[in-house]
Amino acid sequence: MFDKKELEKIKHGRKDWEKNCYLPHKKRHPERSKKFENLSWNEIKNLYTPGDIAHLDYIKDIGFPGEYPYLRGIHPTKYRGRLWTFRQFSGFGSAEETNRRYKYLLGHGETGLSVAFDYPTLYGYDADHPLARGEFGKCGVAVSSLKDMEILFSEIPIDKVTTSMTINGPAAIVWAFYIANAENRKIDRRIIGGTIQNDILKEYIAQKSFIFPPEPSMRLIVDTFEFGYKEVPRWNTISISGYHIREAGSTAVQELAFTVGDGVEYVKWAMKRGLNIDDFASRLSFFFNAHNDFFEEIAKYRAARRIWAKELKKLGAKKPRSLLMRFHTQTAGCSLTAQQPEINITRVTLQALAAVLGGTQSLHTNSMDEALALPSEKAVRIALRTQQIIAEESGVTGTVDPLGGSYYIEWLTDKMEEETYQYWDRVEKLGGVLPALEKGFYQREIAEAAYRYQKEIDENKRIIVGVNDYKMDEPIEIPILKMDEKGEERQINRLKKLRKDRNNTKVEKNLNALRKAAKSEANLMPFILDCVHSYATLGETCQVLRDVFGEYVEPAIY
Amino acid sequence: MERRIRVLVAKPGLDGHDRGAKIVARALRDAGMEVIYTGLHQTAEMIVETAIQEDVDVVGLSLLSGAHMTLFIDVTKLLKEKGMEDVLVVGGGIIPEEDAPKLKKAGVAGVFGPGTHCGDIVDFIKKNVKR
Numbered sequence: 001m002f003d004k005k006e007l008e009k010i011k012h013g014r015k016d017w018e019k020n021c022y023l024p025h026k027k028r029h030p031e032r033s034k035k036f037e038n039l040s041w042n043e044i045k046n047l048y049t050p051g052d053i054a055h056l057d058y059i060k061d062i063g064f065p066g067e068y069p070y071l072r073g074i075h076p077t078k079y080r081g082r083l084w085t086f087r088q089f090s091g092f093g094s095a096e097e098t099n100r101r102y103k104y105l106l107g108h109g110e111t112g113l114s115v116a117f118d119y120p121t122l123y124g125y126d127a128d129h130p131l132a133r134g135e136f137g138k139c140g141v142a143v144s145s146l147k148d149m150e151i152l153f154s155e156i157p158i159d160k161v162t163t164s165m166t167i168n169g170p171a172a173i174v175w176a177f178y179i180a181n182a183e184n185r186k187i188d189r190r191i192i193g194g195t196i197q198n199d200i201l202k203e204y205i206a207q208k209s210f211i212f213p214p215e216p217s218m219r220l221i222v223d224t225f226e227f228g229y230k231e232v233p234r235w236n237t238i239s240i241s242g243y244h245i246r247e248a249g250s251t252a253v254q255e256l257a258f259t260v261g262d263g264v265e266y267v268k269w270a271m272k273r274g275l276n277i278d279d280f281a282s283r284l285s286f287f288f289n290a291h292n293d294f295f296e297e298i299a300k301y302r303a304a305r306r307i308w309a310k311e312l313k314k315l316g317a318k319k320p321r322s323l324l325m326r327f328h329t330q331t332a333g334c335s336l337t338a339q340q341p342e343i344n345i346t347r348v349t350l351q352a353l354a355a356v357l358g359g360t361q362s363l364h365t366n367s368m369d370e371a372l373a374l375p376s377e378k379a380v381r382i383a384l385r386t387q388q389i390i391a392e393e394s395g396v397t398g399t400v401d402p403l404g405g406s407y408y409i410e411w412l413t414d415k416m417e418e419e420t421y422q423y424w425d426r427v428e429k430l431g432g433v434l435p436a437l438e439k440g441f442y443q444r445e446i447a448e449a450a451y452r453y454q455k456e457i458d459e460n461k462r463i464i465v466g467v468n469d470y471k472m473d474e475p476i477e478i479p480i481l482k483m484d485e486k487g488e489e490r491q492i493n494r495l496k497k498l499r500k501d502r503n504n505t506k507v508e509k510n511l512n513a514l515r516k517a518a519k520s521e522a523n524l525m526p527f528i529l530d531c532v533h534s535y536a537t538l539g540e541t542c543q544v545l546r547d548v549f550g551e552y553v554e555p556a557i558y
Numbered sequence: 001m002e003r004r005i006r007v008l009v010a011k012p013g014l015d016g017h018d019r020g021a022k023i024v025a026r027a028l029r030d031a032g033m034e035v036i037y038t039g040l041h042q043t044a045e046m047i048v049e050t051a052i053q054e055d056v057d058v059v060g061l062s063l064l065s066g067a068h069m070t071l072f073i074d075v076t077k078l079l080k081e082k083g084m085e086d087v088l089v090v091g092g093g094i095i096p097e098e099d100a101p102k103l104k105k106a107g108v109a110g111v112f113g114p115g116t117h118c119g120d121i122v123d124f125i126k127k128n129v130k131r
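These protein sequence lines are chains A and B, in that order. According to the numbering used here, the first sequence holds residues 1 to 558 in order. According to the numbering used here, the second sequence holds residues 1 to 131 in order.
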């Protein structure tokens with residue numbers, strides 16, 4: 001990237017600087033630590049110069065935004081053209097309560113919706129299932145049928161606003177609720193936009209809300225890819241997620257390697273089915289974490305874009321759109337402290353800024369109270385305002401990839417890419433993604449990193465403000481969200497009424513058709529849509545698939 | 001030789017957040033205790049059954065979904081029913097401050113929130129184990 005002669009001069013200059021300036025100074029004023037490391041325990045040098053990125057070719061390795069390898073961004077104008085989507089992950093209690101929260105957020109300048117479901121919904125159980133005990137509406141909204149989906153989006157313009165839904169095991173069914181609701185409102189499914197997370201691999205790896213074993217799960221996912229590009233073309237049929245891998249305790253490098261590796265795995269499965277890569281690849285999207293190490297996070301997003309473009313090309317994608325990595329980012333929930341919760345606002349600001357400088361398409365900023373409970377209205381408003389301040393006041397949106405060309409950032413981007421490929425080699429040696437999973441490789445890697453991180457905090461080798469240093473002993477003075485105690489009862493009554501009022505012969509017929517189809521190789525989406533249109537519940541529809549596919553039991557590794 | 005403290009680390013309910021449970025399991029093991037980890041998706045019945053089978057001194061419950069007021073208390077109630085009041089029960093997760101005294105009253109002797117030093121959990125168990 002630099003002239004050879006110039007590089008030589010810089011190399012010598014750096015040596016001289018070390019000898020004459022840096023070391024003498026360091027002798028008089030020692031550094032605070034012998035070694036500086038980032039959050040992946042990679043050693044960071046005191047200074048980066050053109051010498052650290054001399055091996056890079058600007059045109060080939062870095063390039064221009066909107067052009068291959070998309071390191072600097074997937075859009076030529078980036079935030080000069082359009083800001084990222086302000087999308088707050090949100091859901092609690094009943095559909096009515098969450099619907100009110102969505103209207104509140106949209107009223108305060110949110111530009112996209114993101115649904116958090118409660119645990120029974122995530123596992124494909126209705127609210128009155130015995131295993132749903134105590135969980136109703138606790139960490140998300142309960143959606144047991146199309147009826148709940150209707151209420152959840154009542155008076156919200158789903159033909160205009162896009163919706164992301166964090167749902168995996170039963171993603172196909174919940175997506176069908178959304179499509180059916182649009183259709184009942186006379187909105188063409190070809191114009192609705194949004195995302196289903198639908199990323200089962202990271203569920204086995206980290207998030208653990210799986211239902212079926214890997215093979216039938218992958219089949220269902222490919223069904224949604226196929227149905228999506230043919231029937232719901234503006235929908236992202238997957239959000240391949242590193243977020244939860246990171247929350248489970250991985251490093252940034254592991255998050256990057258495992259997530260993009262999962263992405264490649266999905267493409268391979270879809271191609272094995274006979275789908276054309278250029279038909280579905282542009283509807284694959286990603287979801288990353290924004291943790292504390294500012295530069296490492298930025299490098300991670302940039303590296304992810306370049307690796308994805310390269311890999312998709314290798315897999316045979318021809319259309320430029322197929323090569324674009326579009327991603328959502330959420331600030332790191334696991335970095336929030338229950339101690340002095342107000343200071344989480346500062347953490348979130350830094351993390352959000354990293355996501356923006358890394359070129360995210362959409363962003364969720366955590367609320368300060370989330371180490372204590374689900375966010376209160378005020379806390380979530382401040383979190384949203386944080387994004388608005390970055391967008392409107394900070395000036396970082398004026399130029400594309402402002403940190404591109406930083407010696408440190410480019411070096412780190414490159415290093416993270418290199419380490420990603422090293423991880424992929426290890427996975428390959430274990431036989432690929434599914435065998436590595438079954439052998440507990442990912443789980444063990446993450447558990448190791450999580451424990452190491454915690455030990456460093458316990459031993460005060462890593463400072464967390466308010467937790468192991470700068471502590472205060474004073475009561476927490478922020479309001480905690482209170483939920484409607486009657487929500488669960490209302491939900492269960494609604495379910496009872498639904499099961500009585502609907503045409504049960506039709507429900508039975510549709511569920512049987514789904515059962516038959518699940519045993520064949522047919523795409524299940526049309527059958528699932530028939531079930532939900534006739535108001536078969538989530539639990540009933542999912543049970544049919546549980547019967548046919550079986551359930552996954554994970555090896556308990558710690 | 002002194003008998004090592006036996007701990008069952010358990011994940012009740014549907015919550016899949018197991019980072020904390022696994023870290024605590026390892027920390028207790030490193031502190032010399034014998035640790036049995038149940039894995040995910042345990043009902044109160046399953047947890048108590050394992051506690052009896054494994055003859056544990058301590059049950060550690062971890063939950064981040066917010067269902068602790070129901071699921072933790074299900075476990076302490078059932079332990080009592082089975083005559084296992086002498087098993088020390090501790091719990092952790094995303095637990096609002098105001099819930100902690102109620103949990104303690106219901107038999108969860110120690111409640112540990114985010115930011116807890118693993119050493120504090122070890123000390124608490126050593127000091128309070130009843131068997």
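Glycine is no exception: its CB is placed at the ideal position from the N, C-alpha and C atoms.
### Message
Please state the DSSP three-state secondary structure of PRO12(B).
### Response
As a working mapping, residue 12(B) is identified with position 12 in the second sequence. In the three-state reduction of the DSSP assignment, PRO12(B) falls in the strand class.
### Query
If we ignore side chains and look at the alpha-carbon of each, how far apart do GLU448(A) and ASP16(A) end up?
Numbered from its first residue, the first sequence carries residue 448(A) at position 448. Numbered from its first residue, the first sequence carries residue 16(A) at position 16. Our two residues, GLU448(A) and ASP16(A), have alpha carbons roughly 41 Å apart in a direct line.
### Message
For a contact defined as C-beta to C-beta under 7 Å, what are the partners of ARG26(B) on chain A?
### Response
Counted from its first residue, the second sequence places residue 26(B) at position 26. In chain order: TYR451 and TYR558.
### Message
Can you tell me whether GLN53(B) is buried or exposed? The criterion is at least 16 other CB atoms within 10 Å of its CB, across all chains shown.
### Response
Counted from its first residue, the second sequence places residue 53(B) at position 53. With a threshold of 16 other beta carbon atoms within 10 Å, GLN53(B) falls short and is exposed.
### Message
Strictly below 8 Å CB to CB, what residues from chain B border TYR123(A)?
### Response
Position 123 of the first sequence, counted from the first residue, corresponds to residue 123(A). The contacting residues are LEU14.
### Task
Check whether the Cβ atoms of LEU514(A) and LEU545(A) sit closer than 9 Å, and answer yes or no.
Locating residue 514(A) in the first sequence gives position 514, where the first residue counts as 1. Locating residue 545(A) in the first sequence gives position 545, where the first residue counts as 1. For LEU514(A) and LEU545(A), yes; Cβs fall inside 9 Å.
### Run of the beta strand (DSSP E) containing MET165(A), from where it starts to where it stops
Residue 165(A) sits at position 165 when you count from the first residue of the first sequence. Looking at the DSSP string, the run of the beta strand (DSSP E) that includes MET165(A) is 163-166.
### Query
Along the chain, where does the beta strand (DSSP E) that runs through PHE153(A) open and close?
What you label residue 153(A) is simply residue 153 of the first sequence in a count that begins at 1. Following the DSSP letters along the chain, one finds PHE153(A) in no beta strand (DSSP E), marked with neither H nor E.
### Task
Taking LEU563(A) as the reference, give the member of ILE74(A), SER145(A), PHE136(A) and ASP61(A) with the closest Cα.
The question about residue 563(A) has no answer, for chain A in this structure spans 1 to 558.
### Message
Taking CB distances under 9 Å as the criterion, tell me whether SER209(A) reaches chain D.
### Response
The structure shown has no chain D; the protein chains it does contain are A and B.
### Query
Just checking my contact of LEU135(B) with TYR123(A) at CB under 8 Å: how many whole Å lie between their CB atoms?
Past the edges of chain B, shown from 1 to 131, lies residue 135(B), and the structure says nothing about it.
### Message
I'd like the list of long-range same chain contacts for ALA109(B), defined as Cβ closer than 7 Å, with 5 residues on each side in sequence excluded.
### Response
Here residue 109(B) is taken as the residue at index 109 of the second sequence, counted from 1. So the qualifying residues of the chain are LEU88, VAL89, VAL90 and ASN128.
### Query
Residues of chain B with CB under 7 Å from THR337(A), in chain order?
Here residue 337(A) corresponds to residue number 337 of the first sequence, with the count starting at 1. Those are PRO114 and GLY115, listed as they occur along chain B.
### Message
So that I know if they touch, is there some Cβ in chain B lying closer than 9 Å to that of VAL467(A)?
### Response
Position 467 of the first sequence, counted from the first residue, corresponds to residue 467(A). Yes - at least one Cβ of chain B is within 9 Å of the one on VAL467(A).
### Query
Cβ of PRO120(A) less than 9 Å from any chain B Cβ?
Position 120 of the first sequence, counted from the first residue, corresponds to residue 120(A). At least one chain B Cβ lies under 9 Å of PRO120(A).
#### Entry: Minimum length 4: unbroken alpha helix (DSSP H) runs contained in the region 4-63 of chain B
Within the region 4-63 of chain B, the complete alpha helix (DSSP H) runs of at least 4 residues fall at 19-30 and 44-53.
### Message
Nearest by alpha-carbon distance to PHE117(A): which of GLN351(A), GLY73(A) and PRO170(A) is it?
### Response
As a first step, residue 117(A) must be located in the first sequence, where it is residue number 117. Residue PRO170(A) is the option with its Cα nearest to PHE117(A).
### Task
Taking 9 Å as the cut-off, decide whether the C-beta atoms of THR195(A) and SER164(A) are in contact.
The residue labelled residue 195(A) in the question sits at position 195 within the first sequence. The residue labelled residue 164(A) in the question sits at position 164 within the first sequence. Yes.
### PHE212(A) beta carbon less than 9 Å from that of GLU540(A)
Translated into the one-based positions of the first sequence, residue 540(A) becomes position 540. Translated into the one-based positions of the first sequence, residue 212(A) becomes position 212. For GLU540(A) and PHE212(A), no; Cβs fall outside 9 Å.
### Task
Spell out the partners DSSP gives ARG87(A) in its beta bridges.
For this step, residue 87(A) is matched to residue 87 along the first sequence. DSSP lists GLY112(A) as the beta-bridge partner residues of ARG87(A).
### Message
To the nearest angstrom, how far is the alpha carbon of LEU538(A) from that of LEU403(A)?
### Response
The sequence position of residue 538(A) within the first sequence is 538, counting from 1. The sequence position of residue 403(A) within the first sequence is 403, counting from 1. Their Cα atoms are separated by approximately 46 Å.
### Task
Determine the DSSP secondary structure at LEU350(A), reduced to helix, strand or coil.
Here residue 350(A) is taken as the residue at index 350 of the first sequence, counted from 1. If DSSP states are grouped into helix, strand and coil, LEU350(A) belongs with the helices.
### Query
With 16 other CB atoms within 10 Å as the buried threshold, where does GLY431(A) fall?
As a position in the first sequence, residue 431(A) is number 431, starting the count at 1. An exposed status is given to GLY431(A), since fewer than 16 other beta-carbon atoms sit within 10 Å of its beta-carbon.
### Query
Roughly how far, in whole angstroms, is the beta-carbon of LYS202(A) from the beta-carbon of SER241(A), given that I think they are within contact range, below 8 Å?
As a first step, residue 202(A) is located in the first sequence; it is residue number 202 there, counting from the start. As a first step, residue 241(A) is located in the first sequence; it is residue number 241 there, counting from the start. About 5 Å separates the two Cβ atoms, so the contact holds.
### Task
Give the residues of chain B in contact with GLN454(A), contact being defined as C-beta atoms less than 8 Å apart.
In the first sequence, counting from the first residue as 1, residue 454(A) sits at position 454. Near GLN454(A) (Cβ distances below 8 Å), the residues of chain B are ILE23, ALA27 and CYS118.
### Query
Counting contacts by CB-CB distance shorter than 9 Å, is THR50(B) in contact with chain A?
Indexing the second sequence from 1 puts residue 50(B) at position 50. Cβ-Cβ to chain A under 9 Å: no for THR50(B).
### Query
What's the call for LYS147(A), buried or exposed, on a 16-neighbour Cβ count within 10 Å?
As a working note, residue 147(A) is residue 147 in the first sequence. It is buried - the Cβ of LYS147(A) has at least 16 other Cβ atoms within 10 Å.
### Message
Taking the beta carbon of MET472(A) as the centre, do at least 16 other beta carbons fall within 10 Å, making it buried, or is it exposed?
### Response
On the first sequence, position 472 is the one that residue 472(A) refers to. When all chains shown are included, MET472(A) counts as exposed.
### Query
Are the Cβ atoms of MET69(B) and LYS102(B) separated by less than 9 Å?
Reading the second sequence from its first residue, position 69 is the one you call residue 69(B). Reading the second sequence from its first residue, position 102 is the one you call residue 102(B). Going by C-beta atoms, MET69(B) is nearer than 9 Å to LYS102(B).
### Task
Give every residue of the same chain whose Cβ lies closer than 8 Å to the Cβ of VAL611(A), excluding the five residues on either side of it in the sequence, and list them in chain order.
Not covered by the structure: residue 611(A). The range shown for chain A is 1 to 558.
### Message
Any beta carbon of chain B sitting closer than 9 Å to that of CYS334(A)?
### Response
Position 334 of the first sequence, counted from the first residue, corresponds to residue 334(A). Chain B contact via Cβ: present.
### Query
Relative to the alpha-carbon of THR390(A), which residue among LYS497(A), VAL232(A), ALA352(A) and GLU417(A) has its alpha-carbon at the smallest distance?
Sequence index remark: in the first sequence, residue 390(A) carries index 390 (1-based). Note on residue identity: the sequence assigns Ile, not Thr, to residue 390(A). Nearest option by C-alpha distance: ALA352(A).
### Task
Starting from the Cα of ARG490(A), find the closest Cα among ARG28(A), LYS34(A), LYS19(A) and GLY93(A) and give me that residue.
Your numbering for residue 490(A) matches position 490 in the first sequence. Of the listed residues, the one whose Cα sits closest to ARG490(A) is GLY93(A).
### Task
Starting from ASN504(A), trace the alpha helix (DSSP H) both ways and give me its first and last residue.
Taking the first residue of the first sequence as 1, we reach residue 504(A) at position 504. Where ASN504(A) is concerned, the enclosing alpha helix (DSSP H) stretches over 504-519.
### Task
Would you tell me roughly how many angstroms separate the C-alpha atoms of MET149(A) and VAL35(B), rounded to the nearest one?
Mapped onto the first sequence, residue 149(A) falls at position 149. Mapped onto the second sequence, residue 35(B) falls at position 35. The alpha-carbon atoms of MET149(A) and VAL35(B) are separated by roughly 43 Å.
### Query
Is ALA290(A) closer than 9 Å to ALA354(A) when the C-beta atoms are compared?
For this step, residue 354(A) is matched to residue 354 along the first sequence. For this step, residue 290(A) is matched to residue 290 along the first sequence. With contacts defined by Cβ atoms closer than 9 Å, ALA354(A) and ALA290(A) form a contacting pair.
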